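Accompanying notes for the structure given below.
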Amino acid sequence: MLGCYDFCGHYEWTFEWLRQQGGEPLVREYWDEAIRCDSQRHAAALIGAKGIEGMKEYWGHTLVDEGAGYYCTATDAVFRIDMHECPSKGFLTRNGLRQYHDYCDHCMGWIGPLLKEHGWVVDHEHNHCGQCWWELRRSDDATTPSKTGKLSGEHDVRHRADWLPPHGTMDVYERANDPDDKTTRKTD
Amino acid sequence: MTPSGNPLSYTDTKPVGAADFYFAINATFRFVLNNFGIEGLRRYWTDLGARYFAPVAARWSAGGLPAIADYWRAFFAAEPGAEVEVSADIASVTVNVRVCPAIAHLRKGKREIVPCFCQHCYFIGEAMAAPARLTVRVEGGNGSCRQTFLRRDAAPAPQDLACIKEASC
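Residue numbers (the working numbering), protein chains in the order written: chain X, 1 to 188; chain P, 189 to 357.
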């Protein structure tokens, strides 16, 4: 049987299997169709109906279930997640699993289109080591991403000493909804 | 068994998995089925069993039937809502799934279940067992089943896929 305990392992393995069958477009199609529209349709229902309250409800439940080390901040205009210990990236790292070239892209692969459908845009950075932050705003809100500590105070993941890992890469999304709409920069 | 005493090859810091991931497993099967047909889905399952689960298969090859029994006991202990008994004798290991955690959670979530969902246990299990010169037979499905692992040289009749029930919500 295929289980949920090691789900992140066979999920990541599946990205590469699909890439080998149909290239990167098939992987994007998988994130959008299978994950956004099918598996995570409860997220779309909550966020579409309740906006930021729905985000609190969805990520409050799912990140606790997954055992994440995270902090959420919400105002009337923005929902922010500071992810200190990504449960799925952590699982992959601890178990030495890496088939697909950039596992972290999958989050933007389904969350980006979901938020676009409901009128939200994403500012997001991930360091490929299990740390990231997200700020979600309505698409007609031109506010730029917060400065470090401004929204989430001491919980801001950018305060961490390991936020910029040596010899690493940071993926940066600005007002984006597409997993490929990113810039990648070296961390040193 | 590993030096850590854990029969699972991939381990997490939490004791059980997040049940909502069963939604993604079901959705993944549907996506592969829609794109590649039933033969493509069976190939996906076989590849998973042979490649992703290769470390498990290696332990089964080294440890034989006792390693298989240890694996399934540890596996189902980490699946939320599972009610499973694993028994072993000199010739076989029987996994008696009284409550399949995946089917139970998909029903609770009112998800449309891919009808051939339960076949994955056969195709993945068979690919995992093959390097150890073992084979599996699955009977039942749609919420409860019996999976029997035994030696290939016992020459059991081939798996009859009609013995694996279609799944439904």
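Ideal Cβ placement from N, Cα and C applies to all residues, glycine included. As the structure is a computational prediction, the values presented were derived from the model and not from experiment.
Taking DSSP as the reference, what is the three-state secondary structure of residue 272 (chain P)? strand
Are there three or more Cβ pairs, one per stretch, closer than 8 Å when the segment 287-301 of chain P is compared with the segment 199-212 of chain P? yes
Taking only three categories from DSSP, how would you classify residue 164 (chain X)? coil
Rounded to whole angstroms, what's the CA-CA distance from residue 104 (chain X) to residue 344 (chain P)? Just pull it up for me. 44 Å
Go to residue 325 (chain P), then tell me how far its alpha helix (DSSP H) extends in each direction, as first and last residue. From DSSP, residue 325 (chain P) is part of no alpha helix (DSSP H) but of the beta strand (DSSP E) over 322-329.
Ignore the nearest five residues each way along the sequence and tell me which others in residue 244 (chain P)'s own chain have a CB closer than 7 Å to its CB. 197, 259, 316
Near-chain P residues of the segment 35-49 of chain X (beta-carbon distance less than 9 Å), N- to C-terminal order: 35, 37, 38, 39, 40, 41, 42
Any chain X beta carbon closer than 8 Å to residue 349 (chain P): no
Does DSSP put residue 176 (chain X) in a helix, a strand or coil? strand
Output the boundary residues of the beta strand (DSSP E) element that contains residue 204 (chain P). Unbroken run through residue 204 (chain P): none, as it is neither H nor E.
Going by DSSP, name the residue or residues bridged to residue 124 (chain X). X:134, X:173
So residue 212 (chain P) is in the alpha helix (DSSP H); what residue range does that whole segment cover? 209-235
For chain P, is any of its Cβ atoms less than 8 Å away from the one on residue 70 (chain X)? no
Does residue 310 (chain P) have its Cβ less than 8 Å from a Cβ in chain X? no
So with CB distances below 8 Å, who are the chain X contacts of residue 218 (chain P)? 34, 38
In the structure shown, what three-state DSSP assignment does residue 14 (chain X) receive? helix
Is the segment 132-145 of chain X close to the segment 76-95 of chain X, with three or more CB pairs under 8 Å? yes
Tell me the DSSP secondary structure of residue 351 (chain P) in three-state form. helix
Just the chain X side, please: which residues come within less than 9 Å of residue 213 (chain P) by C-beta, in chain order? 2, 3, 4, 7, 10, 11, 39
Taking C-alpha atoms, which residue in X:87, X:109, X:20, X:125 lies nearest to residue 204 (chain P)? X:87
Among P:356, P:353, P:194, which residue has its Cα nearest to the Cα of residue 261 (chain P)? P:194
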